[in-house]
DNA sequence: CAGTATCCTCGAGGATACTG
DNA sequence: CAGTATCCTCGAGGATACTG
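Chains as they are written, first to last, in our numbering: chain A, 1 to 241; chain B, 242 to 482.
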């Protein structure tokens, strides 16, 4: 409602920042844009990355973003999806800047409620460099030993990676054993993969070639470099223990 | 409430962007930070720039920003005020980037509800380069001829500019006659001052020296350069008529 | 000037059940 | 899979009156 028509949310504010806050300030909106920037396009894919959002609300937010001209809804033959318009893509630097600011100034260990294995695997799937793996179908299983025992899978096929919470069938070529906080630490740049491997806080077992190239095809959070930089000099920053 | 303690507003999101959205996403928060960045520090001064906010809410937002470590409350002998901490100041580039994005992509004529002479004069006072005026006390009167006849004053003293809605006493050394939308157009970079003067859409009368140097000491919106740039080539962009 | 306390409203959004 | 319709709750924040 706040976005329909030309009624401004902030009276007496002819200011670009007020306009931006009006367009982007609603709960979830920035996270939806982040997901679109990171390459999520299907309704259900976006929904999976936003645990707690209702489909009604996601639908509303996407419609508002379309009306503002940040997102367009492309109807395929059978499946529709959402894409950023040039105006939406023009936000990329600001979104990265905003997250970098938080990463620089508010780095912290993830709390229990912030951690969610499925969401993490989703993000890992989005930034994974599948083109660095041999052609064909690959399955990677993640065995988490804490905070609770849980297995999740990554299915990589035709350069496309998908996160699954059920065994997708083919025998895994690689099994990654670690804890959920440790995988968060590596993905977010708080812990170096090298240190985690050395300390056996993360173990890789399986196909030698895929294991050897792991650090190349396994991508990190877009904010990992900022986080790593901001921890430089902090005692124990890169220790995995 | 959402900000007290460590409860995250977005479950399952260990993501710097989610953290930033959680901290900055509440209504008014970004505009409060903008005002602090632009040099407002007194409670009432911030309040005046946010027409429609209640004092209860402004107080709450400022307290939340203090708890997050973006703002500090410095208690003087008789009057307290609010200042950005280094973490808050570190947001400057993002805030400018966000407003620049909106200025680039959503430039538009101000609507009636977006215009507010007092708020505009407040902003003008904040960016005014008082040090380029001769020492001493100066009064500038703005006579608006539309959308309604209204006069507002700028009082410049000791390098400090204040907006007043009542005659502050000393006879004005300069009278600026224009319409409110025209002054918004100039301040925001949509209309060039030179064109407005040429077309007599804005008239200056008074002390010759202060009049001559007007374009130097009268500052523009921090987003004016972006707005001007985005209008380049657009027909009639710099015309004042 | 710079706030705080209290009471009350209303609308954002959750739950649920439905559809092409 | 990708949504929409309806009903209901509850908490953010406005109004008002107060204080150092």
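Here a beta-carbon is modelled for each residue, glycine too, at the ideal position from N, C-alpha and C.
Taking C-beta atoms as the reference points, residue 120 of chain A and residue 140 of chain A fail to come closer than 7 Å. In this structure, residue 174 of chain A lies away from residue 136 of chain A, with their beta-carbon atoms at least 7 Å apart.
The beta carbons of residue 358 of chain B and residue 421 of chain B sit about 6 Å from each other, so the pair counts as a contact at 8 Å. The beta carbon of residue 88 of chain A does not come within 7 Å of any beta carbon belonging to chain B, so the residue lies off that interface.
If you ignore the 5 residues before and after residue 66 of chain A, its C-beta comes within less than 7 Å of the C-beta of 72, 73, all in its own chain and listed in chain order. Under DSSP, the beta-bridge partners assigned to residue 140 of chain A are A/154, A/174.
When DSSP reads this structure, residue 108 of chain A sits in no beta bridge, so it has no partner. The continuous alpha helix (DSSP H) containing residue 229 of chain A extends over residues 224-231. Under the DSSP assignment, residue 401 of chain B falls in the beta strand (DSSP E) whose first and last residues are 401-405. With contact defined as three or more Cβ pairs closer than 8 Å, the region 341-348 of chain B and the region 362-370 of chain B are not in contact. Listed along chain A is no residue with a C-beta nearer than 8 Å to that of residue 313 of chain B; the closest approach is about 15 Å. Within the same chain, and ignoring the five residues on either side of residue 182 of chain A in sequence, the residues whose Cβ sits closer than 8 Å to its Cβ are 191, 196, 201, 202, 240.
The shortest C-alpha to C-alpha distance from residue 60 of chain A to any of A/161, A/43, A/49 is the one to A/43.
Proximity of chain B to residue 115 of chain A at the Cβ level (cut-off 8 Å) is accounted for by 253, 255, in chain order. Beyond the five residues adjoining it in sequence on each side, residue 469 of chain B comes within less than 6 Å, by CB distance, of 430 in the same chain, given in chain order.
Minimum Cα-Cα distance from residue 168 of chain A among the listed residues A/14, A/142, A/45 corresponds to A/142.
Closest in C-alpha terms to residue 324 of chain B, from the list B/291, B/273, B/297, comes B/273.
A distance of 7 Å or more separates the beta carbons of residue 36 of chain A and residue 275 of chain B. Taking a Cβ-Cβ threshold of 7 Å, none of the residues of chain B is close to residue 147 of chain A; the smallest such distance is about 13 Å. Neighbours of residue 110 of chain A across chain B, judged by C-beta separation under 7 Å: 255. Out of A/147, A/151, A/99, A/8, the CA that lies nearest to the CA of residue 352 of chain B is found in A/8. Judged by their CB atoms, residue 130 of chain A and residue 339 of chain B are not nearer to each other than the 7 Å cut-off. DSSP, read as helix, strand or coil, puts residue 364 of chain B in helix. A buried status is given to residue 152 of chain A, since no fewer than 16 other beta-carbon atoms sit within 10 Å of its beta-carbon. When secondary structure is reduced to three states using DSSP, residue 255 of chain B falls in the coil class, being assigned neither helix nor strand. Counting along the chain, no alpha helix (DSSP H) covers residue 219 of chain A, and no H or E run does either.
Here the C-alpha atom of residue 404 of chain B lies approximately 44 Å from the C-alpha atom of residue 58 of chain A.
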